[in-house]
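Asks: Start counting at 1 in the sequence shown, then tack on 4, and there's your number in our numbering.
Note that the Cβ used here is the ideal one computed from N, Cα and C, for glycine as well.
Quick one: the structure is below, questions incoming.
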Amino acid sequence: MSYANHSVDQLGPPFRLSDEIIFLIPKAGKLTIKNQYHKLLLVLDGEAQFEIKGLEGRQTLKKGDIFFAPSRGNHHYYNAQKHQAAPLHVLRIFYDIPSKQTLRPENDFGDFIQQHFQQVGHLHDGIDAKLQGLIREFREETENRAPGFRHRLFAICTDLTIESVRKLRPHTLNATETDVSSGEQIVIAAREFIFKHYPNPLTLGEIAWHVGKGEEHLARLFKRHTGQSVFDTVREIRVDAAKTYLPNPSYSLTQIAEKCGFNSLAFFSRSFKQITGLSPSQYRAHSLNAQPVSPPTLNREE
Numbered sequence: 005m006s007y008a009n010h011s012v013d014q015l016g017p018p019f020r021l022s023d024e025i026i027f028l029i030p031k032a033g034k035l036t037i038k039n040q041y042h043k044l045l046l047v048l049d050g051e052a053q054f055e056i057k058g059l060e061g062r063q064t065l066k067k068g069d070i071f072f073a074p075s076r077g078n079h080h081y082y083n084a085q086k087h088q089a090a091p092l093h094v095l096r097i098f099y100d101i102p103s104k105q106t107l108r109p110e111n112d113f114g115d116f117i118q119q120h121f122q123q124v125g126h127l128h129d130g131i132d133a134k135l136q137g138l139i140r141e142f143r144e145e146t147e148n149r150a151p152g153f154r155h156r157l158f159a160i161c162t163d164l165t166i167e168s169v170r171k172l173r174p175h176t177l178n179a180t181e182t183d184v185s186s187g188e189q190i191v192i193a194a195r196e197f198i199f200k201h202y203p204n205p206l207t208l209g210e211i212a213w214h215v216g217k218g219e220e221h222l223a224r225l226f227k228r229h230t231g232q233s234v235f236d237t238v239r240e241i242r243v244d245a246a247k248t249y250l251p252n253p254s255y256s257l258t259q260i261a262e263k264c265g266f267n268s269l270a271f272f273s274r275s276f277k278q279i280t281g282l283s284p285s286q287y288r289a290h291s292l293n294a295q296p297v298s299p300p301t302l303n304r305e306e
């Protein structure tokens, strides 16, 4: 069984399909997915063991991981739990790439993928605040479907791919770092700290201490560079996290509020509706009613 939403196709080459999906791996069982295309997985929640040609032995895939594979072989997921199914929640991007002998990776995006997806790649805890921001944009565009949303999603999927490759294959790239101001660097560092610690109670003093600045100075930098306050950002990141958990019906709303750092269900519900325009229950219902554009071929073994 699986739950899929935020699905979009027809973005144009090299993208075939992008979606957000929860796989339920049967208790003490195995789930096999036929790997027909190059694919990128960003693991948003859950944990499972897996095997795929190109990696030695059984590996562990868990929340925060980045994984990609070329289009060959099957992908096997295993659940060691004997008493319950294991959910694995991922954002997937599939690419349809024809093989070429001569590649021009800086001129053709399909060639870029072909070059960097020749081998299986797996990075633990690779999803950072920058990737999470792109995931937020991906969700917003697939939910709103405003004019030009496919063009915007093409750009977002391109950014997700490049950022993931730069993390997985840093030794193969010769890119130079973009110049950023010291103020921007401080805001980036603060956002990264918030992203890593959003489930915990956070104070402005704690965040400021982490980046080595005073509270008022950090607050001014945030307003200048992001247009919002530090705690607007905290709430936004916590709501993004809730969007990951809501499609999984095994979590109650109270559990999700706690996992995402909200101190009460009422504050969680109010914050979620202010930011998304929907209550958590409405968002969950919409997510569970969504269907994948092109379901993958699954083989379930117990």
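For the beta strand (DSSP E) holding residue 71, just list the boundary residues, first then last.
Replies: Unbroken beta strand (DSSP E) run through residue 71: 70-73.
Asks: Is the beta carbon of residue 2 less than 8 angstroms from the beta carbon of residue 83?
Replies: Shown here, the chain extends from 5 to 306; a query on residue 2 therefore has no answer.
Asks: By DSSP, does residue 141 sit in helix, in strand, or in coil?
Replies: If DSSP states are grouped into helix, strand and coil, residue 141 belongs with the helices.
Asks: With contact counted as at least three CB pairs below 8 angstroms, one residue from each stretch, are the segment 255-265 and the segment 221-228 in contact?
Replies: Short answer: they don't touch.
Asks: Do residue 167 and residue 156 have their C-beta atoms closer together than 8 angstroms?
Replies: No; because the gap between Cβ atoms is not below 8 angstroms, this pair is not in contact.
Asks: Find the nearest neighbour of residue 119 within the set 129, 108 and 283, judged by alpha-carbon distance.
Replies: The candidate whose alpha carbon is nearest that of residue 119 is 108.
Asks: Taking residue 39 as the reference, which of 66, 23, 99 and 60 has the closest Cα?
Replies: It is 99 whose Cα lies nearest to the Cα of residue 39.
Asks: List the whole-angstrom C-beta distance separating residue 96 from residue 23, where the pair is believed to meet the contact cut-off of C-beta under 8 angstroms.
Replies: That belief holds up - the Cβ atoms of residue 96 and residue 23 are roughly 6 angstroms apart, short of 8 angstroms.
Asks: Apart from the five residues just before and just after residue 179, which ones in its own chain have a Cβ nearer than 6 angstroms to its Cβ?
Replies: Here residue 179 scores only 40 on pLDDT, less than 50, and its place in the model should not be relied on; the value that follows carries that caveat. Nothing meets the Cβ criterion.
Asks: Within 10 Å of its beta-carbon, does residue 218 have 16 or more other beta-carbons around it, so buried, or fewer, so exposed?
Replies: Its Cβ having fewer than 16 others within 10 Å, residue 218 is exposed.
Asks: Quick check: the segment 59-67 against the segment 115-135, are there 3 or more CB pairs under 8 angstroms?
Replies: They touch, by the three-pair rule.
Asks: Once you ignore the five residues that flank residue 182 on each side, which residues in its own chain have a CB closer than 7 angstroms to its CB?
Replies: Below a pLDDT of 50, predicted positions are generally treated as unreliable, and residue 182, at 48, falls in that range; the measurement from the model is reported next regardless. Once the five neighbours on either side are set aside, residue 182 has no close Cβ partner at all.
Asks: Is residue 249 helix, strand or coil by DSSP?
Replies: In the structure shown, residue 249 sits in a helix (DSSP, three-state: H, G or I).
Asks: What are the boundary residues of the beta strand (DSSP E) that residue 24 is part of?
Replies: It spans 19-29 - the beta strand (DSSP E) in which residue 24 sits, taken as one unbroken run.
Asks: Tell me the residue span of the beta strand (DSSP E) that contains residue 9.
Replies: Its beta strand (DSSP E) spans residues 6-13.
Asks: Hey, could you find the ends of the beta strand (DSSP E) residue 170 is sitting in?
Replies: Residue 170 -> not in any beta strand (DSSP E); alpha helix (DSSP H) instead, spanning 153-172.
Asks: Entirely within the segment 56-112 and at least 3 residues each: give me those beta strand (DSSP E) ranges in chain order.
Replies: The qualifying runs are 63-66, 70-73, 78-82 and 90-99.
Asks: For residue 260, report the span of its alpha helix (DSSP H) as first-last.
Replies: From DSSP, the alpha helix (DSSP H) with residue 260 extends over 257-263.
Asks: Run the CB neighbour count on residue 176, radius 10 Å, all protein chains shown included, and call it buried at 16 or more, exposed below.
Replies: For residue 176, the predicted structure reports a pLDDT of 46, less than 50, and the residue's modelled location is therefore unreliable. The matter cannot be settled from this model.
Asks: Excluding the 5 residues preceding and the 5 following residue 293 in the sequence, name in chain order all residues of the same chain whose CB lies nearer than 8 angstroms to its CB.
Replies: Result list for residue 293: empty, nothing under 8 angstroms.
Asks: From the DSSP output, in three-state form, read off residue 236 for me.
Replies: Residue state, collapsed to three classes: helix.
Asks: Kindly confirm or deny that the segment 236-253 and the segment 263-272 touch, where touching means at least three C-beta pairs closer than 8 angstroms.
Replies: Yes, the segment 236-253 touches the segment 263-272.
Asks: Taking the alpha-carbon positions, what's the residue 215 to residue 237 distance?
Replies: The straight-line gap from Cα to Cα measures roughly 16 angstroms.
Asks: Assuming contact is defined by CB atoms lying nearer than 8 angstroms, are residue 71 and residue 92 in contact in what I supplied?
Replies: For residue 71 and residue 92, no; Cβs fall outside 8 angstroms.
Asks: Between 212, 14 and 61, which lies nearest to residue 80 when the distance is taken from Cα to Cα?
Replies: Selected option, being the one with the closest Cα: 61.
Asks: Distance check for residue 16 and residue 248, CA to CA, integer angstroms please.
Replies: C-alpha separation (whole angstroms): 26 angstroms.
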